[in-house]
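Engineer:
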Amino acid sequence: MRLNNRLTAHGKIWLWACLICVVVTLSCRRRTEVDTTVGMNSPEQTWIRVLLFGNLRGCTVTSTNGFTIEDVNNGVVAEFDNNTTLRVQLLENRILIGEHIFSGDVMLKTRDPFAFTLDGKDYRGNLRFVLRTDGTALQAVNHVPLESYLLGVVGAEMHSYWEPEALKAQAVAARTYCLYIKNRFGKRRSWDLSATQANQVYRGIAAETKTVEHAVQATAGQVLVCDDENGNERIFCSYYSSSCGGHTEDAKNVFGETVPPLTGVKCPYCKDIAKQRNFHWKPVTLTTQQVSESLLARYASLAKLEAIVDLEIIERGHLDRVTRVRLIGKNGKTDTVRGEDLRLSLDPTGRKLKSTLFRMTQKGQKFEFTDGRGFGHGVGLCQCGAQGKARKGADYREILRFYYPDSKLVTIKTKTSDNDETI
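According to the numbering used here, the sequence shown is numbered sequentially starting from 57.
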């Protein structure tokens, strides 16, 4: 059909905009049907327990093909049919699910395709409700196979339209980090990792795309290891952040631990990838009172200072990243904190004070943080840098070697019996 030759310039622009939107929508659209969850037949010891919510009093849960619900302590089982929407509530130190009352530790096991919806958000695997020890709230914990968990992480931590090799590097880093945290902290609590930036962001099925699925599948089981003091290979904490600002930082300067693969490297790749508002961020001004109250609220031990009246940078890392700060109290007493701890005390969101690459000056009763650069703690993989290297032709192995020097890429084996070594 011939277009009207008299179509106005404004109309033509509008038409082209519509066509572009259609193309982008089709290319980026997420799947509308949920495929069967990968790994449901793997040993549950190898699954990941993700804390979705830690302070629930009620919620709704739905699953396409229904649930089998088990009281973990008493073995009571209830069956719910397809697409039943269940109301879960806290009831006098017990858990009310539909018309059933449970003692305080309940597992909702899904059926093929092994997925559920919690308060409108979709996740794979099973769902466990744990009554907190004080009886005041519920924890909602997603039990999900490792590789299916990663499908909900990679696209949440990195743009799913980025280069395939960058996504693969992210998948390996996320898998390694996950297993390290699980093995170090999971045995002491009812969950392994949280679904937030406190560990790594997990959005479940909403984060899944074909590009993410390919990156996870192409690197299935691959993790990073390094030699410990006895020469044995071990998984290490493969930190990563959005943009290092030009040089990654030594883990010792940020987290207090010396790990050879977490040694800072010069990174010329993130500058052209990171958004300018993140690579060069706006100045931040805080009053002395705000600084003092924020630090005293986070660290009870600082009460000995009465009030904090001054800050002094006493250690810097690469590119003059602030790594340690002296706090001077109203009564003349002093203490110190790491630069990253200072940053997250003053800005828990990390979205204003975006890194510790800054200049700090005190003007009267105000502190000014200027010349800010980079986004995040700066240790390990620089995500924008990984994208920059991938654009220049580097594959994910090269990217990982660059950001985690002295590391080795290996493929793990899952546990198949009680006599095998756990991943």
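All C-beta atoms in this analysis are idealised placements derived from N, C-alpha and C, irrespective of residue type, glycine included. Bear in mind that the values here come from a model prediction, so they are computed numbers and not experimental data.
Would you say the stretch 98-117 touches the stretch 234-249, given that touching needs at least three Cβ pairs under 8 Å?
Structural biologist: Yes, the stretch 98-117 is in contact with the stretch 234-249.
Engineer: Give me the Cβ distance between D301 and G434, rounded to the nearest whole Å; I'm assuming they're in contact under 8 Å.
Structural biologist: On the sequence shown, position 245 is the one that residue 301 refers to. On the sequence shown, position 378 is the one that residue 434 refers to. With the sequence shown as reference, residue 301 is identified as Gly, and Asp is not the correct amino acid for it. That pair is a contact at about 7 Å.
Engineer: Please classify T417 as buried or exposed, where buried requires at least 16 neighbouring CB atoms within 10 angstroms.
Structural biologist: Mapped onto the sequence shown, residue 417 falls at position 361. T417 comes out exposed.
Engineer: By alpha-carbon positions, which one of L187, C115, T173 ends up nearest to G154?
Structural biologist: Here residue 154 refers to the residue found at position 98 when the sequence shown is read from its first residue. Ranking the options by Cα distance to G154, first place goes to C115.
Engineer: For C234, name the three-state secondary structure that DSSP assigns.
Structural biologist: The residue you call residue 234 lines up with position 178 of the sequence shown. DSSP places C234 in helix when its eight states are reduced to three.
Engineer: Evaluate contact between the stretch 327-347 and the stretch 395-411, counting only Cβ atoms and requiring at least three cross-stretch pairs below 8 Å.
Structural biologist: With a cut-off of 8 Å, the stretch 395-411 and the stretch 327-347 count as touching, because enough Cβ pairs lie within range.
Engineer: Given a cut-off of 9 Å, decide if L202 and K464 are closer than it, judged by their beta-carbon atoms.
Structural biologist: Counting from 1 along the sequence shown, the entry for residue 464 is found at position 408. Counting from 1 along the sequence shown, the entry for residue 202 is found at position 146. Going by C-beta atoms, K464 is not nearer than 9 Å to L202.
Engineer: Could you tell me the distance, in whole angstroms, from the CA atom of K165 to the CA atom of T275?
Structural biologist: The residue labelled residue 165 in the question sits at position 109 within the sequence shown. The residue labelled residue 275 in the question sits at position 219 within the sequence shown. Looking at the two C-alpha atoms, the distance is approximately 28 Å.
Engineer: May I ask you to verify whether the stretch 305-321 touches the stretch 370-387, counting CB pairs closer than 8 Å and requiring at least 3?
Structural biologist: With the cut-off at 8 Å, the stretch 305-321 and the stretch 370-387 touch.
Engineer: Please list, in chain order, all residues of the same chain as T344 whose beta carbon is under 6 Å from its beta carbon, the five residues on each side excluded.
Structural biologist: Position 288 of the sequence shown, counted from the start, is the residue given in the question as residue 344. The residues are Q421.
Engineer: Under 9 Å, Cβ to Cβ, is there at least one residue of chain C near N139?
Structural biologist: Looking at the structure shown, chain C is missing, and only one protein chain is on hand.
Engineer: Tell me whether D403 sits in a helix, a strand or coil according to DSSP, three-state version.
Structural biologist: On the sequence shown, residue 403 is found 347 positions in, with the first residue counted as 1. Looking at D403 - three-state DSSP - the assignment turns out to be coil, as it is neither helix nor strand.
Engineer: Less than 9 Å separating the beta-carbons of G441 and S299?
Structural biologist: Taking the sequence shown and counting its residues from 1, one reaches residue 441 at position 385. Taking the sequence shown and counting its residues from 1, one reaches residue 299 at position 243. In contact: G441 and S299 (Cβ atoms closer than 9 Å).
Engineer: Okay, do the stretch 311-322 and the stretch 444-454 touch, 3+ Cβ pairs below 8 Å being the bar?
Structural biologist: Touching, no.
Engineer: Taking its Cβ as the centre, do 16 or more other Cβ atoms sit within 10 Å of S357, making it buried, or is it exposed?
Structural biologist: Mapped onto the sequence shown, residue 357 falls at position 301. Exposed.
Engineer: Are there any heavy atoms of the ligand GTP lying less than 8 Å away from the beta-carbon of S348, as far as the coordinates show?
Structural biologist: Annotation note on the ligand GTP: not contained in the displayed structure, which lists no ligands.
Engineer: With DSSP as the reference, please indicate the residues paired to T341 in a beta bridge.
Structural biologist: Taking the first residue of the sequence shown as position 1, residue 341 is located at position 285. Per DSSP, E424.
Engineer: When DSSP builds the beta bridges, which residues end up paired with G385?
Structural biologist: Taking the sequence shown and counting its residues from 1, one reaches residue 385 at position 329. I364.
Engineer: Can you confirm whether the stretch 228-238 touches the stretch 141-150 when touching is taken to mean that 3 or more C-beta pairs between the two stretches lie within less than 8 Å?
Structural biologist: No, they do not touch.
Engineer: Let me know the alpha helix (DSSP H) ranges lying completely inside the stretch 166-209, each 4 residues or longer, listed in chain order.
Structural biologist: Correct list: empty.
Engineer: Exposed or buried, which one is R87 when buried takes at least 16 other CB atoms within 10 Å?
Structural biologist: Residue 87 sits at position 31 when you count from the first residue of the sequence shown. Because the pLDDT of R87 is 45, which lies under 50, any placement of that residue in the model is unreliable, and the number read from its coordinates should be weighed accordingly. Flag for R87 reads exposed.
Engineer: Just confirm the distance between the C-beta atoms of S216 and T265, as a whole number of angstroms; I'd bet it's less than 8 Å.
Structural biologist: Residue mapping note: residue 216 aligns to position 160 of the sequence shown, counting from 1. Residue mapping note: residue 265 aligns to position 209 of the sequence shown, counting from 1. Between T265 and S216 the Cβ distance is about 4 Å, and since that is below 8 Å, they are a contact.
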